[in-house]
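Engineer: Quick note: the sequence shown uses the working numbering, first residue 1, plus one each step.
Don't be surprised by glycine CBs; every beta carbon is placed ideally from N, CA and C.
Every value quoted in this text rests on a predicted model; they were computed, and no experiment measured them.
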Amino acid sequence: MALNLTTMQPAETIGMLADYHFPPYITLAHMFHAPQGWAIRNREMTQFILQYVVDGFAHYPVEDIPYETRRGDLLFHRPNERHSIIKEDHSPYVCISLVFHFGTSAFPYEDIFKHKHLLGNFADHPVETMLSQLVSHYRQPGLVHQMHCQSLLMRILTEAAQAFESGSTRAKTDALTMPKLVLIKNYLTEHYSREIQIRELEDVSGLSKNYILTLFRQHVGMSPMQYLTWIRINKAKELAIHSSLSFSEIADRVGYSDVHTFGRMFKKKTGQSLTQFCSNLIYS
């Protein structure tokens with residue numbers, strides 16, 4: 001029976017982790033589809049945890065602070081912080097869990113994240129792709145894959161820290177501008193299954209093309225068309241998880257008439273094929 005490294009003290013795990021020669025040390029990286037009735041109550045871990053909601057909803061109290069986590073939410077908690085994860089029967093819960101530590105090296109988490117647990121929402125953000133890539137590499141043996149995992153983990157933490165820092169700046173955005181950004185994002189979300197031209201976004205928002213591009217780069221981190229691609233990728237993931245549609249049917253549903261074009265796009269943007277994404281999903 002394989003040892004559960006996540007329940008051990010960090011120092012105990014180091015000699016048992018193949019191909020790890022320096023921190024961070026990752027003891028678990030998986031995507032989990034919670035079955036009906038599943039819950040974790042009042043658990044304490046000896047290592048750091050990042051929990052990302054791929055789909056669905058769950059109550060996630062940490063040290064008596066209640067959180068309601070939905071798709072895109074990234075939650076972080078420290079060693080020995082008591083936490084629970086409670087899904088509702090009517091809602092699915094699919095998550096990516098990362099458990100890690102830095103051995104004897106100190107990780108200045110209070111300097112980076114203060115006392116926060118909920119680091120932000122990263123739906124349709126490159127962080128979401130990095131998390132999926134990390135899970136994929138973690139399942140493969142060898143030093144190169146482990147180094148990919150470590151690199152991705154540090155990039156995820158860096159992106160989360162930058163988003164955390166910029167939160168106060170974003171809150172100061174012109175109140176007239178943000179509703180128009182939301183309007184454009186909603187339009188892309190509603191019409192992702194067909195071809196969309198930038199002039200449509202101009203008509204919807206009343207903003208110029210250049211202003212729309214600037215707005216998206218500043219507050220979304222990508223162009224509107226890149227954002228549309230992320231929407232399609234995540235809709236494809238949802239269909240792969242929750243339906244029995246074939247890959248060609250999924251491609252058609254998310255706006256690609258050619259399944260091969262869809263497959264190349266999905267792998268280019270996520271680092272894995274849709275088949276690999278499905279194979280990474282754990283149901284128990």
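With burial defined as no fewer than 16 other Cβ atoms inside 10 Å of the residue's Cβ, what is the status of Q36: buried or exposed?
Structural biologist: To locate residue 36, count along the sequence shown from 1; it is residue 36. That one is exposed.
Engineer: Three-state secondary structure (DSSP) at D89?
Structural biologist: Translated into positions along the sequence shown, residue 89 becomes position 89. Coil at D89, not helix or strand.
Engineer: For the putative contact between I96 and Y52, defined by C-beta atoms under 8 Å, what is the C-beta separation to the nearest angstrom?
Structural biologist: By one-based count along the sequence shown, residue 96 stands at place 96. By one-based count along the sequence shown, residue 52 stands at place 52. With a Cβ gap of about 4 Å, I96 and Y52 count as contacting.
Engineer: Apply the 10 Å Cβ neighbour rule to A58 and answer buried if 16 or more other Cβ atoms are within range, or exposed otherwise.
Structural biologist: Against the sequence shown, residue 58 aligns to sequence position 58. So A58 counts as buried.
Engineer: If you measure between the beta carbons of A160 and L74, is that distance less than 8 Å?
Structural biologist: For the purposes of this step, residue 160 is identified with residue 160 of the sequence shown, where counting begins at 1. For the purposes of this step, residue 74 is identified with residue 74 of the sequence shown, where counting begins at 1. Their beta carbons are under 8 Å apart, which means A160 touches L74 by this criterion.
Engineer: Should K237 be labelled buried (16 or more other beta-carbon atoms within 10 Å of its own) or exposed?
Structural biologist: As a working note, residue 237 is residue 237 in the sequence shown. Its Cβ being crowded by 16 or more others within 10 Å, K237 is buried.
Engineer: Quick check on Y20: does DSSP put it in helix, strand or coil?
Structural biologist: Position 20 of the sequence shown, counted from the first residue, corresponds to residue 20. The answer is coil: DSSP assigns Y20 none of H, G, I, E or B.
Engineer: In angstroms, rounded to a whole number, what distance separates the CA positions of T261 and E190?
Structural biologist: For the purposes of this step, residue 261 is taken as residue 261 along the sequence shown, with counting starting at 1. For the purposes of this step, residue 190 is taken as residue 190 along the sequence shown, with counting starting at 1. Those two C-alpha atoms are separated by around 22 Å.
Engineer: Measure from the alpha carbon of M31 to the alpha carbon of each residue in E200, I212 and Y138, then state which is nearest.
Structural biologist: Here residue 31 is taken as the residue at index 31 of the sequence shown, counted from 1. Comparing Cα-Cα distances from M31 to each of E200, I212 and Y138, the minimum goes to Y138.
Engineer: Name the one or two DSSP bridge partners that H83 has.
Structural biologist: Taking the first residue of the sequence shown as 1, we reach residue 83 at position 83. According to DSSP, which records beta bridges pairwise, H83 is partnered with R43 and V62.
Engineer: Considering only C-alpha positions, which residue in the set L281, S246, K268 and T7 is nearest to P126?
Structural biologist: Numbered from 1 along the sequence shown, position 126 holds the residue referred to as residue 126. Of the listed residues, the one whose Cα sits closest to P126 is K268.
Engineer: Going by the DSSP bridge assignment, what does S97 pair with across the sheet?
Structural biologist: Position 97 of the sequence shown, counted from the start, is the residue given in the question as residue 97. H30 and Q51, per the DSSP bridge assignment.
Engineer: Report all residues from its chain with a CB closer than 8 Å to the CB of L228; omit the five preceding and five following residues, and keep chain order.
Structural biologist: Reading the sequence shown from its first residue, position 228 is the one you call residue 228. If we look at L228 and ignore the five residues flanking it on each side, its Cβ neighbours are L188, Y192 and I196.
Engineer: Return the first residue and the last residue of the alpha helix (DSSP H) that H260 is part of.
Structural biologist: As a position in the sequence shown, residue 260 is number 260, starting the count at 1. Looking at the DSSP string, the run of the alpha helix (DSSP H) that includes H260 is V259 to T270.
Engineer: May I ask you to report which of helix, strand or coil DSSP gives Y256?
Structural biologist: If you number the sequence shown from 1, residue 256 lands on position 256. Note: Y256 maps to coil in three-state DSSP.
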